[in-house]
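> Chains as they are written, first to last, in the numbering used here: chain L, 2 to 289; chain A, 117 to 384; chain V, 142 to 683.
Quick reminder that beta carbons are idealized off the backbone N, C-alpha and C, glycines included.
Since the structure is predicted, the reported quantities are computational estimates derived from the model, not experimental observations.
Dropping the structure in here first, questions after.
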Amino acid sequence: MSKRSPAWIVCRGIGILMLSGLAGATLVRLAPGFGIEEQALDARLSAQTRSALERRHAGERNPLVFYAHFLAGLFHGDAGRSVVFGQPVRNLIRDRAGTTIVAVGAGLAVGWCAAVLLGLAVALSRNATATLPAFALSGSLLSMPSAVLATVCLLLGLTPAIAIAAVVFPRVFPHAYEQLRTGLAAPHVLMGRAGGISGTRLLIFYVGPSILMPLVALAGVSVTLAFGASIPIEALADSPGIGQLAWRAALGRDLPVLVTVTLLLTVVTVLANTIADVAMARAGSHSS
Amino acid sequence: MKAIRIVAVSILSSGAVLSMGAGLLAPYNYAAQFREHANEPPSRKFLLGTDPLGRDRFSRLLYGSRVSLFCAPVAALIATALSAGIGLVAGYFGGWANEFASGLTDLFLSLPWLFVLLTLRALLPLNLSPWPSIAATFLLLAAVGWASGARIVSASVTSMRTAAAVLQARAYGCSNGRVLRIHILPNLKPVLSAQFWILVPVFLLTEANLGALGLGVAEPMPSWGNMLAELQNYQRVAESPWILAPALFLFLVVASLHFAVSGSTTWE
Amino acid sequence: MGIGLRTGVLVLSALACASAQSGSELRFCLRADPKTFDPLLAEEEPSDAVRFLTGGVLIRFNRQSQQLEPELAQSWTVRDHGKRIDFLLRRNVRFSDGTPFGPADVVAVVRRIMDPNLHSGIADSFRSTGGDIRAELSGPNEVSMFFSAPVAGLELLFDQLAISSSRARMPQNAVLGPFMLTEYKAGQYVLLRRNPYYWKTDSSGKNLPYLDSVRLDIQANRETELLRFRRGELQLVDKLEPEAYQRLHKEAPSTVRNAGPSLDAEFFWFNQAPDAPFPAYKRGWMQSKLFRRAISAAVNRDDIIRLVYRGYARPAAGPASPANSLWANSKLTPQRYDPQLARKLLQEDGFRLDGEGLRDREGNAVEFSLITNAGSTTRTQIGAMLQQDLKKIGIRLNFTPIEFQSLIERITRTQQYEACLLGLSNTEIDLPNSQMNVWLSSGALHAWNPKEPKPATSWEAEIDRLMQTQHTEMDRKARKAAFDRVQELIAEQAPIVYLVHPDVLVAVSPAVRNAAPSALPPHLFWNIESLWLAGTGQRRKN
Numbered sequence: 002m003s004k005r006s007p008a009w010i011v012c013r014g015i016g017i018l019m020l021s022g023l024a025g026a027t028l029v030r031l032a033p034g035f036g037i038e039e040q041a042l043d044a045r046l047s048a049q050t051r052s053a054l055e056r057r058h059a060g061e062r063n064p065l066v067f068y069a070h071f072l073a074g075l076f077h078g079d080a081g082r083s084v085v086f087g088q089p090v091r092n093l094i095r096d097r098a099g100t101t102i103v104a105v106g107a108g109l110a111v112g113w114c115a116a117v118l119l120g121l122a123v124a125l126s127r128n129a130t131a132t133l134p135a136f137a138l139s140g141s142l143l144s145m146p147s148a149v150l151a152t153v154c155l156l157l158g159l160t161p162a163i164a165i166a167a168v169v170f171p172r173v174f175p176h177a178y179e180q181l182r183t184g185l186a187a188p189h190v191l192m193g194r195a196g197g198i199s200g201t202r203l204l205i206f207y208v209g210p211s212i213l214m215p216l217v218a219l220a221g222v223s224v225t226l227a228f229g230a231s232i233p234i235e236a237l238a239d240s241p242g243i244g245q246l247a248w249r250a251a252l253g254r255d256l257p258v259l260v261t262v263t264l265l266l267t268v269v270t271v272l273a274n275t276i277a278d279v280a281m282a283r284a285g286s287h288s289s
Numbered sequence: 117m118k119a120i121r122i123v124a125v126s127i128l129s130s131g132a133v134l135s136m137g138a139g140l141l142a143p144y145n146y147a148a149q150f151r152e153h154a155n156e157p158p159s160r161k162f163l164l165g166t167d168p169l170g171r172d173r174f175s176r177l178l179y180g181s182r183v184s185l186f187c188a189p190v191a192a193l194i195a196t197a198l199s200a201g202i203g204l205v206a207g208y209f210g211g212w213a214n215e216f217a218s219g220l221t222d223l224f225l226s227l228p229w230l231f232v233l234l235t236l237r238a239l240l241p242l243n244l245s246p247w248p249s250i251a252a253t254f255l256l257l258a259a260v261g262w263a264s265g266a267r268i269v270s271a272s273v274t275s276m277r278t279a280a281a282v283l284q285a286r287a288y289g290c291s292n293g294r295v296l297r298i299h300i301l302p303n304l305k306p307v308l309s310a311q312f313w314i315l316v317p318v319f320l321l322t323e324a325n326l327g328a329l330g331l332g333v334a335e336p337m338p339s340w341g342n343m344l345a346e347l348q349n350y351q352r353v354a355e356s357p358w359i360l361a362p363a364l365f366l367f368l369v370v371a372s373l374h375f376a377v378s379g380s381t382t383w384e
Numbered sequence: 142m143g144i145g146l147r148t149g150v151l152v153l154s155a156l157a158c159a160s161a162q163s164g165s166e167l168r169f170c171l172r173a174d175p176k177t178f179d180p181l182l183a184e185e186e187p188s189d190a191v192r193f194l195t196g197g198v199l200i201r202f203n204r205q206s207q208q209l210e211p212e213l214a215q216s217w218t219v220r221d222h223g224k225r226i227d228f229l230l231r232r233n234v235r236f237s238d239g240t241p242f243g244p245a246d247v248v249a250v251v252r253r254i255m256d257p258n259l260h261s262g263i264a265d266s267f268r269s270t271g272g273d274i275r276a277e278l279s280g281p282n283e284v285s286m287f288f289s290a291p292v293a294g295l296e297l298l299f300d301q302l303a304i305s306s307s308r309a310r311m312p313q314n315a316v317l318g319p320f321m322l323t324e325y326k327a328g329q330y331v332l333l334r335r336n337p338y339y340w341k342t343d344s345s346g347k348n349l350p351y352l353d354s355v356r357l358d359i360q361a362n363r364e365t366e367l368l369r370f371r372r373g374e375l376q377l378v379d380k381l382e383p384e385a386y387q388r389l390h391k392e393a394p395s396t397v398r399n400a401g402p403s404l405d406a407e408f409f410w411f412n413q414a415p416d417a418p419f420p421a422y423k424r425g426w427m428q429s430k431l432f433r434r435a436i437s438a439a440v441n442r443d444d445i446i447r448l449v450y451r452g453y454a455r456p457a458a459g460p461a462s463p464a465n466s467l468w469a470n471s472k473l474t475p476q477r478y479d480p481q482l483a484r485k486l487l488q489e490d491g492f493r494l495d496g497e498g499l500r501d502r503e504g505n506a507v508e509f510s511l512i513t514n515a516g517s518t519t520r521t522q523i524g525a526m527l528q529q530d531l532k533k534i535g536i537r538l539n540f541t542p543i544e545f546q547s548l549i550e551r552i553t554r555t556q557q558y559e560a561c562l563l564g565l566s567n568t569e570i571d572l573p574n575s576q577m578n579v580w581l582s583s584g585a586l587h588a589w590n591p592k593e594p595k596p597a598t599s600w601e602a603e604i605d606r607l608m609q610t611q612h613t614e615m616d617r618k619a620r621k622a623a624f625d626r627v628q629e630l631i632a633e634q635a636p637i638v639y640l641v642h643p644d645v646l647v648a649v650s651p652a653v654r655n656a657a658p659s660a661l662p663p664h665l666f667w668n669i670e671s672l673w674l675a676g677t678g679q680r681r682k683n
């Protein structure tokens, strides 16, 4: 099995998935406050009820055993039952996935377009002072807590996707700008410009290939970043997506939900990065 | 450009001096509560007004800069260095090194590190003075924050590996170490500086978000992050715009950092 | 004159009822998703809200008059020294699915309570006597319940016991309350529609409730909730933050109400557990009455009220808030801020000032940590103020907010803490019975030293005796006297240092009619069937 064959890619992906689920379950299990329910502070509860509450988590105490049962259930489409929400995890994910996918997708699209277009404009201007407002914008967005971004979007009646875009943009823009600036200053590009090649042709056929790989790698990473950003933004904007689900599950140590969300995030990460790797490999083989 | 860089470095140096000299320059101790003067606007006595407990905002801003101007950049530096190291090895050597690094990166990007931070808090004694707790939090952020940068570095190095200069150096018999040090690392400066520049405010704000979970800087010690948490209350911002001061200072520092560390345009 | 006044009031209320426009939807927020719609398992606030709105109970405690009122039970009689209660049920009452309500349904609910696999606070409240509860049909519309031991305050328990149909597959499918569950979208809202078979009518004979539906939006963000209230998207906001209350009061004074002190309390306590993992010399401080009272005297409650609560709170003297007229001990007064007294008590206890720091007899610097739940602005501010107050008497307080689950683990299981700042959200009127686990030394929530095998001190033994007395004493005055004495002992010994009782601050849209915010929860919708929205332009045909 060669390292780039589809079979290898699938096996590698599954391996990472299994490992991340187990690691996630272990991290949650070992963190303080596991197996504790807020109900424990109810003064009315008898000693028997308190013991019953503790026993509720007995099946989750050994992360290996829990994970084995969890995977067995997952193969039958059963991701367990949420402790915090009292519903099947499968239903929770199904009801919320659409909201997050739309918000993250839109956020990534808007963030990337803005970052690349602004990076290109500033790089092409070749004027040092032109970088000032661009980096001022990027810097100010980086300096804003995601809670504030979410609140501003709420006040302006904007969707959480804009807040996600506001998180993605300043993380993509500096890389996009640096790559474009370096690419435009490369010797072969300067020679092409001196030789009278048009700007568009230079950009697509000369600059593009040299900056493609890091930007594609960044694209893969930004997908995970956007999903990660959706957690506090959805929680603050009360948007009923997976991010909000993950946040509440984290506060309540809801192991079935957290492991499921970890696996989903791993799938997204591995998929995005694998697509990026394959694209980079193809770009590399074409250029050679 | 040189003038901008000079201004940026001056701003950063002034910030460093102000934060180191906070003990001398701040008119009051950051914890001192003037309870009869709570929520006051800026005045001669309180340059940036007071907070809901009557603490001088200007003094807290100065003392808070110690956490924000030192811990966040140091953590960002460590994370960037880790990204550079792992990305360099993965991108240059490729093969199993690359497979391992990219798998590790995917894992690090997916895991719920929040629980590691909670475990860290549980392990630290409750009577610990604030600085070890802050240092531990930022070190942990650095230890998990390298993953996104590593992939970009690895991709950049992979594309540089087949560049003419590198091929020539290898043809001349340069060792891998020399090639990495002399021909590849300097050309990673734009990527690494961009990554560093992004991570500084990210870590600073992450510290503030972690305050909602009991991590990060504890009362009464201020940080720009926990002062920025007030901005969520948009009505308070409208009524008391001076509470935006930490955001403004953070923005100045972040912008200055960019112009101070941004690389040259020459190909080495 | 008296007759004329009464007639006038009746006419006015009839007119008000006649003009009450039926229809439209009332909207307010829940802070989280309800975990369950099963009324017997409702523990946390969101589930409790749905239970109150949909559940029919035998006896209702009127939140305004603080009197018991007949609901599904037309009348009741307590017999056999509190070991038996007979109910005469209303006739011709139907569940929301049209099926008739009868004594068999009450018997079925009681059987469910006695199921050992049912783990809930409501069930445990009934089972607190330790023995079985038996329910029997004693007539076509009569049911009797038998308890193995006398239960003081028995009738009050029924305010939380929603009766569900013995025939329905799920309890929420057939309810007896004013509203019934129609739709639930996780993370978004819970929609309740009026129960077409609801038995109550107003004084003019009109069927209640007036509202067509109630929509409970799930919103954790307080800022968003306020924004939506200002925009008119929500009609009720419960538990306003003091700052938000002040602001709304300036903008639209008619929309905010202060319903007076709540049943809640903010307090902190010292960990006196013998196996707590901190040095023995510190435990010596915590276990000293003089030390605890000194700390209490060093706390400036007035400043906490002024700065943290913006004046919307009262200093607390003990567990019973002044809002709880049944149980508050009027003889107790809150500890005044008195740092001189604090220093004097510490000196008596062998502490001495060494420069700016306090040291104990053995020369140890007096320093301890105070934990609380992270993410609470109120408690963070209180903690910062306590740091400054204690600094004035030479004590270094390390204030450490920690994540809530971790905090619960420390205070209920591992005992890895020195002092804890927390609040009590009290929903129960029968304070002593609902807090047996707190005041009994063997209780799991006996904050300062949980699950003691036997009382560690004579005053805890005395509290144990008094709590058991009030638990089985049928005479209300005797119960009150016992619990008054408990409160006095707590004030003397200060195992818990009470700080404040926050006020109930709410916002009510001017469109809502008949709103009468209560200090007792549920503050805003305790009289949901009587609420209506003006300007809806829709009159329901009866």
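Three or more C-beta pairs closer than 8 Å, one from the region 210-220 of chain L and one from the region 260-280 of chain A: is that the case here?
Touching, yes, given that three or more Cβ pairs across the two stretches are closer than 8 Å.
> So Ile254 of chain V packs on Ala264 of chain V, CB below 8 Å; how close in whole Å?
5 Å
> Cα separation between Ala619 of chain V and Gln611 of chain V?
7 Å
> Check distances from the C-beta atoms of the region 295-310 of chain A to those of chain L and list, in chain order, the residues that come in under 7 Å.
Against chain L - using a Cβ distance shorter than 7 Å - the residues of the region 295-310 of chain A are Pro306, Val307, Ala310.
> With C-beta atoms as the reference, is Leu167 of chain V less than 8 Å away from Gln329 of chain V?
no
> Let me check understanding here. Comparing Cα to Cα, which of A:Gln149, A:Glu323, A:Tyr208, A:Leu301 lies closest to Ile88 of chain A?
Because chain A in this structure spans residues 117 to 384, residue 88 of chain A falls outside the shown range and cannot be described.
> Chain A partners of Pro512 of chain V, CB-CB under 7 Å?
Position check: residue 512 of chain V holds Ile in this sequence, whereas Pro was assumed. Within chain A, the residues near Ile512 of chain V are Leu242.
> Let me make sure I understand the geometry here. Which of L:Tyr178, L:Gly34, L:Asp278, L:Ala218 has the alpha-carbon closest to that of Leu239 of chain A?
L:Gly34
> Using a Cβ-Cβ cutoff of 7 Å, what residues of the region 248-262 of chain L are near chain A? List them in chain order.
Ala251, Leu259
> Compare the C-beta of Leu169 of chain A with all C-beta atoms of chain V and state if any pair is closer than 8 Å.
yes
> Can you pull the chain A neighbours of Ala521 of chain V, defined as C-beta to C-beta under 8 Å?
Inspection of the sequence shows that residue 521 of chain V is occupied by Thr rather than by Ala. Residues of chain A passing the Cβ test: Glu335.
> With 8 Å as the threshold, decide whether the Cβ of Ile17 of chain L is near any Cβ in chain A.
yes
> Residues of chain A with CB under 8 Å from Phe540 of chain V, in chain order?
Ala334, Glu335, Pro336
> Which residue from V:Glu283, V:Glu277, V:Phe299 puts its Cα closest to that of Ile570 of chain V?
Among V:Glu283, V:Glu277, V:Phe299, the Cα nearest to that of Ile570 of chain V belongs to V:Phe299.
> Using 8 Å as the limit for Cβ to Cβ distance, is Arg267 of chain A near chain L?
yes
> For the alpha helix (DSSP H) containing Asn578 of chain V, name the first residue and the last one.
577-580
> Roughly how many angstroms lie between the CA atoms of Asp43 of chain L and Ala371 of chain A, to the nearest whole one?
50 Å
> Can you check whether the C-beta of Asn349 of chain A is within less than 8 Å of a C-beta belonging to chain V?
yes
> Are the C-beta of Thr270 of chain L and some C-beta of chain A separated by less than 8 Å?
yes
> To the nearest angstrom, how far is it from the Cα of Ser163 of chain V to the Cα of Ser240 of chain L?
Residue confidence is low: Ser163 of chain V scores 47 on pLDDT, short of 50, so the model does not pin down where it sits. Its coordinate-derived value is still stated next. C-alpha separation (whole angstroms): 32 Å.
> Going by CA-CA distance only, name the one from V:Trp673, V:Gly676, V:Asn668 that's closest to Ser206 of chain V.
Measuring from the Cα of Ser206 of chain V, the nearest candidate turns out to be V:Asn668.
> Against chain L, with Cβ distances strictly below 8 Å, would Leu368 of chain V count as a contact?
yes
> Considering only C-alpha positions, which residue in the set L:Pro161, L:Ala131, L:Pro257, L:Leu125 is nearest to Gly184 of chain L?
L:Leu125
> Please list the terminal residues of the continuous alpha helix (DSSP H) segment that includes Tyr179 of chain A.
173-182
> Between which two residues does the alpha helix (DSSP H) harbouring Asp530 of chain V extend?
Its alpha helix (DSSP H) spans residues 518-532.
> Give, in chain order, every residue of the region 570-593 of chain V whose Cβ lies closer than 7 Å to some Cβ of chain L.
Ser575, Gln576, Asn578, Val579, Ala585, Leu586
> Spatial neighbours of Glu601 of chain V within its chain, please: CB distance less than 6 Å, with the 5 preceding and 5 following residues excluded, ordered by chain position.
Ser582
> Could you give the C-beta distance for Asp358 of chain V and Cys170 of chain V, rounded to a whole number, given that I count them as a contact under 8 Å?
5 Å
> Using only CA atoms, which one of L:Arg194, L:Arg45, L:Leu219 lies nearest to Tyr207 of chain L?
L:Arg194
> Going by the DSSP bridge assignment, what does Trp217 of chain V pair with across the sheet?
Answer is V:Phe228.
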